[in-house]
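One structure below.
In this note's numbering, the protein residues as written are 3 to 160.
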């Protein structure tokens, strides 16, 4: 495990200086899910949620959130993101919704936090839009699935 780059010599939090890093293509993919009652999945599938299009709204919320990650997570750099793709898929086997986000940038720092933020906010949006029907929903398994680019190289979760 490498040292924590957000801590200075005195152990205080600081923003990492990326000015000496090369600009490279970087991609991150994150995933998570919202587990719910089968009846809630049916409600979403039928388009009967009182607040409207659950999956479309969650997709848009995830995209918007990824672009504002630096405003939400201390010490994250503002990035000129080149692509955000958020997918929200109903899955009867959960039962619930599987959410994934892919974020790309050409820059000096990675987009892992942007992908994780996109998934987190998309899951929270799903919860918000159908919580009246199912207060027992669980947001689970949010994680980085894979990343590429940068000094640390590629990563793929097992």
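Don't be surprised by glycine CBs; every beta carbon is placed ideally from N, CA and C.
Exposed unless 16 or more other CB atoms sit within 10 angstroms - verdict on residue i
| i | result |
| --- | --- |
| residue 154 | exposed |
| residue 19 | exposed |
| residue 114 | buried |
| residue 116 | buried |
| residue 52 | exposed |
| residue 49 | exposed |
Beta-ladder partner(s) of residue i, from DSSP
| i | result |
| --- | --- |
| residue 141 | 36 |
| residue 146 | 32 |
| residue 158 | 148 |
Beta carbon of residue i nearer than 8 Å to that of residue j
| i | j | result |
| --- | --- | --- |
| residue 120 | residue 68 | yes |
| residue 105 | residue 86 | yes |
| residue 60 | residue 124 | yes |
| residue 152 | residue 26 | yes |
Cβ-heavy atom distance, residue i to the ligand NAD, below 7 Å
| i | result |
| --- | --- |
| residue 154 | Ligands in the displayed structure: none, and consequently the ligand NAD is not present. |
Completely contained beta strand (DSSP E) runs for the region 55-124, where each covers 3 or more residues = Listed in chain order, they are 85-93 and 98-109.
Are there three or more Cβ pairs, one per stretch, closer than 8 Å when the region 29-45 is compared with the region 138-151?
-> yes
Give a yes or no on contact between the region 40-57 and the region 146-160, applying the rule of three or more CB pairs nearer than 8 Å.
-> no
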